[in-house]
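Peer 1:
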Amino acid sequence: MMRLLDRLEETLIASLIAAATGLIFVSVVQRYSLGLLADGVAFFRGHDMPELSAMMRSAYLGLREFNLVWAQELCIILFVWMAKFGAAYGVRTGIHVGIDVLINKLDERKRGFFILLGLGAGALFTGIIATLGGNFVWHMAQTSAISPDLELPMWLVYLAIPLGSALMCFRFLQVAVIFARTGELPHHDHGHVEGVDAEDEGIDVLGSTFLKSPLTPRDLVEKPKDE
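Quick note: the working numbering has the sequence shown finishing at residue 1667, numbered continuously throughout.
1) Along the chain, which unbroken stretches of the alpha helix (DSSP H) at least 4 residues long are found entirely within the segment 1565 to 1600?
2) In angstroms with no decimal places, state the Cα-to-Cα distance between Ile1387 and Arg1621.
3) Tell me the DSSP secondary structure of Met1495 in three-state form.
4) Taking the alpha helix (DSSP H) that Asp1479 belongs to, which residues open and close that run?
5) Going by CA-CA distance only, name the one from Ala1527, Lys1545 and Leu1546 that's closest to Val1537.
6) Which residue marks the beginning of the alpha helix (DSSP H) containing Asn1544, and which one marks its end?
7) Am I right that Tyr1500 and Ala1482 are in contact with their C-beta atoms under 8 Å? What's the rounded C-beta distance?
8) Phe1506 by DSSP, collapsed to three states: which one?
9) According to the neighbour-count rule (16 or more other Cβ atoms, all chains shown, within 10 Å of its Cβ), is Trp1521 buried or exposed?
10) For Tyr1598, count neighbouring Cβ atoms within 10 angstroms of its own Cβ and tell me buried if that reaches 16, exposed if not.
11) Is Ile1535 helix, strand or coil by DSSP?
12) Quick check on DSSP: helix, strand or coil for Pro1626?
13) With 16 other CB atoms within 10 Å as the buried threshold, where does Phe1525 fall?
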């Protein structure tokens, strides 16, 4: 069940990014194409080439029939949804940046307490946002408010707030439970490239200094090569 939820979360985020990127690309290409065609009409008209000018004008009018004034609004909506669910994905994978210099200097028991406190605070905050957001969306659904360009019901647009926040709250609780049971936190290696495997296990001598650094999380389990 959890694997299915993880896959749905990743698929949704990837689909939203792909849709927004593709829409922006098409919109920009159309905008610049219209500008080039308009310049072509003026150029050929000024150089006494009525046939080419007429062709450019026909192409301009034909391309202008594809009205994409709504593209910007839709892209904003897609990115808002992507950001809300992406935040939940970040909690699950440990992507979010945290300042834990002091916490990493504490002993294991105190460090665990503050980590659970932080995760609980995150769950509480996102739970409150999900509850207030759900109430807001419920009342918004009773109105006739629509978006300016797409004319979508505004409650549908704002639905990303309670859904994304609720998922983020669940991820905070999930990470807290796993940490309480195993003492492990999700860790994201920003230097790792998907599909590229390390030649051998462990880290080099330079890397061993990072293990002893107070900036390095204590749940890092790699060991120097000579151990």
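Even for Gly, the Cβ is constructed at its ideal location relative to N, Cα and C.
Being a predicted model, the structure only gives us computed values, none of them experimental.
Peer 2: Let me lay it out:
1) Fully enclosed alpha helix (DSSP H) runs of 4 or longer: 1594 to 1598.
2) Because the chain in this structure spans residues 1441 to 1667, residue 1387 falls outside the shown range and cannot be described.
3) Taking the sequence shown and counting its residues from 1, one reaches residue 1495 at position 55. Helix at Met1495.
4) Taking the first residue of the sequence shown as position 1, residue 1479 is located at position 39. Met1442 to Gly1486 is the extent of the alpha helix (DSSP H) around Asp1479.
5) Here residue 1537 refers to the residue found at position 97 when the sequence shown is read from its first residue. The candidate whose alpha carbon is nearest that of Val1537 is Ala1527.
6) Taking the sequence shown and counting its residues from 1, one reaches residue 1544 at position 104. Counting along the chain, the alpha helix (DSSP H) containing Asn1544 begins and ends at Val1541 to Asn1544.
7) Translated into the one-based positions of the sequence shown, residue 1500 becomes position 60. Translated into the one-based positions of the sequence shown, residue 1482 becomes position 42. At roughly 11 Å, the Cβ-Cβ gap does not stay under 8 Å, so Tyr1500 and Ala1482 are not in contact.
8) As a working note, residue 1506 is residue 66 in the sequence shown. In this structure, Phe1506 counts as coil in the three-state DSSP scheme.
9) Looking up residue 1521 in the sequence shown gives position 81. Buried is the label assigned to Trp1521, since at least 16 other Cβ atoms lie within 10 Å of its Cβ.
10) On the sequence shown, residue 1598 is found 158 positions in, with the first residue counted as 1. With a threshold of 16 other beta carbon atoms within 10 Å, Tyr1598 meets it and is buried.
11) For the purposes of this step, residue 1535 is taken as the residue at position 95 of the sequence shown. Of the three classes helix, strand and coil, the one that applies to Ile1535 here is coil, per DSSP.
12) Your numbering for residue 1626 matches position 186 in the sequence shown. The DSSP-derived three-state label of Pro1626 is coil.
13) Taking the sequence shown and counting its residues from 1, the one referred to as residue 1525 is at position 85. Counting the other Cβ atoms within 10 Å of the Cβ of Phe1525 gives 16 or more, which makes it buried.
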